[in-house]
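Contents: one structure, followed by commentary.
2 protein chains.
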Amino acid sequence: MSKTFETLQPYLDKAMAFQTARNLFEWDDQTVAPFEAADYTSKVVGIISDEYMKCLINDDVRKLIKKLSEEKEQDELTDKEKAIIKELNKTYEQLESIPPEEYRAFNELALVSNRAWTKAKKDNNYEYFAPYLKKIIEYKKKFAGYRAKKNQDPYEVLLGDFEECFGIKELDVFFDKIKSEIVPLLKQISKKSDTIDKSYNFLKYDVNKQKAFCKYLSGYLGFDFNRGVIAESAHPFTLDLHNHDVRITNNYKENNLESAMFSIIHETGHALYEMNIDDSLTQTPVGSGTSMGMHESQSRLFENIIGRSEAFWAPIYSKLVETYPENLKNISLEHFLKGINKAEPSLIRTEADELSYPLHVIIRYEIEKAIFAGDADVDKLPELWNKKYQEYLGLTPTNDAEGILQDIHWSYGEFGYFPSYAIGSAISSQLYAKIKEVMPVDEYLKEGNITPIREFLRDSIHKYGATKNTNQILKDITGEEFNADYYVEYLKEKYESLYSL
Amino acid sequence: MSKTFETLQPYLDKAMAFQTARNLFEWDDQTVAPFEAADYTSKVVGIISDEYMKCLINDDVRKLIKKLSEEKEQDELTDKEKAIIKELNKTYEQLESIPPEEYRAFNELALVSNRAWTKAKKDNNYEYFAPYLKKIIEYKKKFAGYRAKKNQDPYEVLLGDFEECFGIKELDVFFDKIKSEIVPLLKQISKKSDTIDKSYNFLKYDVNKQKAFCKYLSGYLGFDFNRGVIAESAHPFTLDLHNHDVRITNNYKENNLESAMFSIIHETGHALYEMNIDDSLTQTPVGSGTSMGMHESQSRLFENIIGRSEAFWAPIYSKLVETYPENLKNISLEHFLKGINKAEPSLIRTEADELSYPLHVIIRYEIEKAIFAGDADVDKLPELWNKKYQEYLGLTPTNDAEGILQDIHWSYGEFGYFPSYAIGSAISSQLYAKIKEVMPVDEYLKEGNITPIREFLRDSIHKYGATKNTNQILKDITGEEFNADYYVEYLKEKYESLYSL
Numbered sequence: 010m011s012k013t014f015e016t017l018q019p020y021l022d023k024a025m026a027f028q029t030a031r032n033l034f035e036w037d038d039q040t041v042a043p044f045e046a047a048d049y050t051s052k053v054v055g056i057i058s059d060e061y062m063k064c065l066i067n068d069d070v071r072k073l074i075k076k077l078s079e080e081k082e083q084d085e086l087t088d089k090e091k092a093i094i095k096e097l098n099k100t101y102e103q104l105e106s107i108p109p110e111e112y113r114a115f116n117e118l119a120l121v122s123n124r125a126w127t128k129a130k131k132d133n134n135y136e137y138f139a140p141y142l143k144k145i146i147e148y149k150k151k152f153a154g155y156r157a158k159k160n161q162d163p164y165e166v167l168l169g170d171f172e173e174c175f176g177i178k179e180l181d182v183f184f185d186k187i188k189s190e191i192v193p194l195l196k197q198i199s200k201k202s203d204t205i206d207k208s209y210n211f212l213k214y215d216v217n218k219q220k221a222f223c224k225y226l227s228g229y230l231g232f233d234f235n236r237g238v239i240a241e242s243a244h245p246f247t248l249d250l251h252n253h254d255v256r257i258t259n260n261y262k263e264n265n266l267e268s269a270m271f272s273i274i275h276e277t278g279h280a281l282y283e284m285n286i287d288d289s290l291t292q293t294p295v296g297s298g299t300s301m302g303m304h305e306s307q308s309r310l311f312e313n314i315i316g317r318s319e320a321f322w323a324p325i326y327s328k329l330v331e332t333y334p335e336n337l338k339n340i341s342l343e344h345f346l347k348g349i350n351k352a353e354p355s356l357i358r359t360e361a362d363e364l365s366y367p368l369h370v371i372i373r374y375e376i377e378k379a380i381f382a383g384d385a386d387v388d389k390l391p392e393l394w395n396k397k398y399q400e401y402l403g404l405t406p407t408n409d410a411e412g413i414l415q416d417i418h419w420s421y422g423e424f425g426y427f428p429s430y431a432i433g434s435a436i437s438s439q440l441y442a443k444i445k446e447v448m449p450v451d452e453y454l455k456e457g458n459i460t461p462i463r464e465f466l467r468d469s470i471h472k473y474g475a476t477k478n479t480n481q482i483l484k485d486i487t488g489e490e491f492n493a494d495y496y497v498e499y500l501k502e503k504y505e506s507l508y509s510l
Numbered sequence: 010m011s012k013t014f015e016t017l018q019p020y021l022d023k024a025m026a027f028q029t030a031r032n033l034f035e036w037d038d039q040t041v042a043p044f045e046a047a048d049y050t051s052k053v054v055g056i057i058s059d060e061y062m063k064c065l066i067n068d069d070v071r072k073l074i075k076k077l078s079e080e081k082e083q084d085e086l087t088d089k090e091k092a093i094i095k096e097l098n099k100t101y102e103q104l105e106s107i108p109p110e111e112y113r114a115f116n117e118l119a120l121v122s123n124r125a126w127t128k129a130k131k132d133n134n135y136e137y138f139a140p141y142l143k144k145i146i147e148y149k150k151k152f153a154g155y156r157a158k159k160n161q162d163p164y165e166v167l168l169g170d171f172e173e174c175f176g177i178k179e180l181d182v183f184f185d186k187i188k189s190e191i192v193p194l195l196k197q198i199s200k201k202s203d204t205i206d207k208s209y210n211f212l213k214y215d216v217n218k219q220k221a222f223c224k225y226l227s228g229y230l231g232f233d234f235n236r237g238v239i240a241e242s243a244h245p246f247t248l249d250l251h252n253h254d255v256r257i258t259n260n261y262k263e264n265n266l267e268s269a270m271f272s273i274i275h276e277t278g279h280a281l282y283e284m285n286i287d288d289s290l291t292q293t294p295v296g297s298g299t300s301m302g303m304h305e306s307q308s309r310l311f312e313n314i315i316g317r318s319e320a321f322w323a324p325i326y327s328k329l330v331e332t333y334p335e336n337l338k339n340i341s342l343e344h345f346l347k348g349i350n351k352a353e354p355s356l357i358r359t360e361a362d363e364l365s366y367p368l369h370v371i372i373r374y375e376i377e378k379a380i381f382a383g384d385a386d387v388d389k390l391p392e393l394w395n396k397k398y399q400e401y402l403g404l405t406p407t408n409d410a411e412g413i414l415q416d417i418h419w420s421y422g423e424f425g426y427f428p429s430y431a432i433g434s435a436i437s438s439q440l441y442a443k444i445k446e447v448m449p450v451d452e453y454l455k456e457g458n459i460t461p462i463r464e465f466l467r468d469s470i471h472k473y474g475a476t477k478n479t480n481q482i483l484k485d486i487t488g489e490e491f492n493a494d495y496y497v498e499y500l501k502e503k504y505e506s507l508y509s510l
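Note that the protein sequences, when read in sequence, are chains A and B.
The first sequence begins at 10 in this note's numbering and counts up by one.
The second sequence begins at 10 in this note's numbering and counts up by one.
Quick look at the structure:
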């Protein structure tokens with residue numbers, strides 16, 4: 010082992026410990042902590058966050074990283090160590106150029122702004138939120154400006170934080186393709202939406218039975234309950250402390266069968282990624298999934314491509330019917346498959362179907378791009394939002410709560426994140442095309458055998474953690490970098506057939 | 010505020026944050042964490058524990074505490090600050106005299122020894138555990154030796170860690186009194202144990218109903234669910250992150266009605282103490298209950314004196330009967346009260362009734378005292394244990410698992426802790442005598458009105474945290490320091506009446 014790297018190790022270990030503690034507080038806050046604990050606990054989390062920053066961003070570590078980035082030292086490093094140094098350079102690039110007092114002021118603003126958003130959404134009052142949003146945007150522009158290379162668009166900087174392989178150029182190409190293909194397709198389908206009956210989905214479904222069935226689904230896909238747990242929270246999410254402790258939450262709605270089922274499949278996709286990270290990488294800076302887009306590709310592969318397929322449900326649908334005979338005994342597998350794949354333009358992104366989902370993302374991407382290019386007046390965002398919803402989805406929100414205020418992300422400054430959702434869907438199609446090539450995946454699914462798929466993902470994606478980036482992974486698996494054609498093709502084929510177009 | 014104290018504050022805040030994180034990991038480990046997480050998570054907890062020690066035990070803090078302990082500085086301090094400095098001097102006295110490498114070696118040994126105890130208890134094999142116990146005792150003797158004042162018994166040092174007001178002299182007097190009064194009383198009663206029928210307690214009691222009833226009981230006593238939660242774990246315990254986040258666990262047994270009910274009452278007693286600590290003290294070194302004995306007095310006051318009284322059950326017993334009509338409809342309140350107060354010598358401390366409980370403690374106290382005085386051969390502890398059980402309880406364990414191996418404490422070096430349990434019971438009697446003097450407590454209980462009792466405890470005990478010690482609190486409330494007569498009197502009166510002696 011490199012002597013210099015050895016000197017760095019204790020700093021990394023400490024940072025890892027503080028980060029893990031923060032994750033545990035986050036988990037606890039979302040799942041267990043009592044209502045009035047927040048003010049006191051946030052003091053604790055604030056101190057631990059400060060310690061995390063202090064032990065990672067300081068002169069000693071700066072010098073070590075600089076030295077370890079030099080060619081001579083690099084030659085002594087293992088691939089894992091090189092990846093760690095690359096990751097640390099990224100962290101330094103993200104954090105170091107921002108004056109600490111501005112960073113702290115921004116974090117305080119983000120908290121207040123998030124609260125303002127909560128109130129504004131509740132009261133359906135965008136004017137109340139707009140001044141906070143303006144300040145948030147100002148900070149994000151300023152921070153991106155500090156970090157931007159010459160002539161670089163600030164939005165480009167923000168996009169890179171979530172997915173280093175995708176800048177504005179790549180996303181413009183990707184989203185133009187989606188728009189030109191999917192918008193017309195969705196318009197055709199929306200005329201035929203009545204041809205699929207989905208009323209069975211909104212009957213009464215006992216929540217305890219939902220929990221049991223969701224747990225079954227998660228285990229069926231390979232979630233290891235010796236290394237993970239499932240709990241409840243307001244919104245489903247996945248969080249890990251390390252690869253031996255990966256946690257999912259779910260949320261159950263009595264009058265919706267699908268909601269919790271597809272959430273658990275989605276989160277299990279995320280969880281399998283983290284559970285399968287190699288033991289040698291977990292608890293290091295490259296010990297998690299490589300990007301938001303790649304992570305979403307795993308959750309969406311399971312949720313949509315596998316989880317909404319006939320082959321997947323063929324061996325287990327009867328178990329679902331047995332769980333709810335009163336509601337499902339007259340719903341055939343064929344009927345159920347149509348129901349879970351029904352597409353229909355809607356206003357809320359998180360409830361959107363697989364086909365219309367990317368259009369929700371595009372709207373946010375285009376607005377974010379306009380904001381950072383200085384082409385959008387923050388006071389007029391609701392109009393811009395509504396115009397785009399009408400254009401791409403044929404619908405106009407009746408109020409801002411279901412329009413411009415629907416997502417939490419911007420309230421605390423998360424710009425550049427939304428594209429990952431669509432990138433994830435597209436990657437999952439590209440991956441699945443390859444999977445179908447290398448194994449009889451439908452046969453496996455019909456036998457209830459998920460193992461070959463899971464092992465393929467583990468060995469070609471998961472185990473590498475963040476030591477390879479999205480395009481490197483895709484190239485090693487499929488021979489080519491990101492290619493959105495698979496996604497468009499998949500959607501067209503699936504939905505043209507489903508709606509007999 | 011004193012300038013010097015101000016300089017100390019950031020160290021205290023950091024130590025508090027690390028300690029809170031450790032508590033959360035502990036909670037999580039006992040209630041949620043998946044089975045295989047332990048090895049990886051313990052690395053995290055180890056680092057955080059090290060950071061806790063480093064930020065508290067270092068030259069800067071040492072100098073500050075020394076300075077703040079001087080008369081001139083003390084004059085500038087508030088009572089709270091003085092109490093904090095006193096507490097920190099105690100921490101320094103406990104930790105600083107022990108060479109760090111020995112402390113670390115001991116902590117590693119404690120982990121291994123604890124595992125050895127688990128195995129030994131499972132296999133009923135004391136010989137397997139004895140070598141570990143010997144090493145543990147050696148370390149504890151050595152550590153106590155480092156800290157002992159001239160001619161001070163090492164066991165005295167250990168006792169002081171849990172209860173500064175009780176040394177060997179005080180405990181000898183206390184326990185001699187108990188022995189001379191309770192041993193004969195229990196012998197009389199054990200002849201009449203068949204006069205109380207308790208078979209109803211061991212019927213089948215639906216666990217979900219138990220959970221709901223226990224939650225009701227906890228809320229009835231004043232547990233604030235906005236500032237606390239109840240979860241499940243193998244053994245019930247109470248843990249807090251601060252006064253706005255106090256957590257209880259419980260454990261439910263299908264064939265035992267009492268077990269979970271009295272556990273939740275007991276833990277609620279602990280929880281109320283922590284919830285009622287003043288806001289100005291929480292998250293400081295004096296922000297928890299003042300001693301183990303005082304803490305146990307609160308749990309036992311609710312569990313035994315209040316929780317097993319007629320006045321307490323009179324307004325709510327019908328609710329319990331309605332919960333389990335199939336088992337309880339023919340069990341009168343009078344019958345139930347006899348059942349929950351039935352006394353009977355038994356072998357397991359944690360399952361002992363209120364009367365025989367202190368005898369279990371005395372046996373451990375006498376053995377610990379003998380160990381540290383060098384009067385006990387560790388290999389022969391089982392014989393010593395069994396002899397004492399025969400002498401005080403009239404029973405002999407049939408094996409070491411239900412004898413010398415039954416408690417976890419010694420396996421990781423917790424010597425001097427057991428007396429707190431009995432001290433707590435005695436304090437609760439002394440307190441209750443005063444409570445009866447100052448309010449019509451039985452009337453309140455019969456009205457289902459717990460508030461006056463809870464407010465009395467809050468205002469005279471809880472809110473002070475650790476700024477007053479046990480005897481100061483007792484003196485301020487009752488006019489005298491600890492006095493075991495109330496306890497003996499309470500037990501004699503109660504049990505002589507119950508068994509018509």
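All residues carry an ideal CB built from backbone N, CA and C; glycine is no exception.
All of these numbers come straight from a predicted model, not from anything done at the bench.
For residue i, would you say it is in contact with chain A, using Cβ-to-Cβ distances shorter than 8 Å as the test?
i              : result
P43 (chain B)  : yes
H253 (chain B) : yes
K150 (chain B) : no
I273 (chain B) : no
T258 (chain B) : no
In whole angstroms, what is the alpha-carbon distance linking residue i and residue j?
i              : j              : result
F34 (chain B)  : L33 (chain A)  : 8 Å
S268 (chain B) : Y261 (chain B) : 7 Å
S438 (chain B) : I371 (chain B) : 18 Å
G474 (chain A) : E79 (chain B)  : 55 Å
L483 (chain A) : E489 (chain A) : 6 Å
A361 (chain B) : K144 (chain B) : 30 Å
F183 (chain A) : A493 (chain A) : 6 Å
G154 (chain B) : I380 (chain B) : 14 Å
Y141 (chain B) : V41 (chain A)  : 38 Å
Closest Cβ-Cβ distance between residue i and chain B: below 8 Å?
i              : result
F34 (chain A)  : yes
Y225 (chain A) : no
Y49 (chain A)  : yes
I470 (chain A) : no
In chain order, what residues of the same chain have a beta carbon less than 6 Å from the beta carbon of residue i, not counting five sequence neighbours either side?
i              : result
I187 (chain B) : P367
Buried or exposed, going by whether 16 or more other CB atoms sit within 10 Å of the CB of residue i?
i              : result
E117 (chain A) : exposed
M284 (chain B) : buried
V166 (chain A) : buried
T476 (chain B) : buried
L120 (chain B) : exposed
Using a Cβ-Cβ cutoff of less than 7 Å, which residues in the same chain neighbour residue i once the five nearest sequence positions on both sides are dropped?
i              : result
Y326 (chain B) : L342 and F345
D409 (chain B) : N133, Y135 and P391
4-residue-minimum alpha helix (DSSP H) runs that sit fully inside the stretch 387-473 of chain A, ordered along the chain: 390-402, 428-447, 450-455 and 460-469
Residue ranges of each beta strand (DSSP E) within the stretch 208-244 of chain A, 3 or longer: The qualifying runs are 237-241.
4 or more residues per run - each alpha helix (DSSP H) lying fully within the stretch 125-189 of chain B: 135-156 and 163-171
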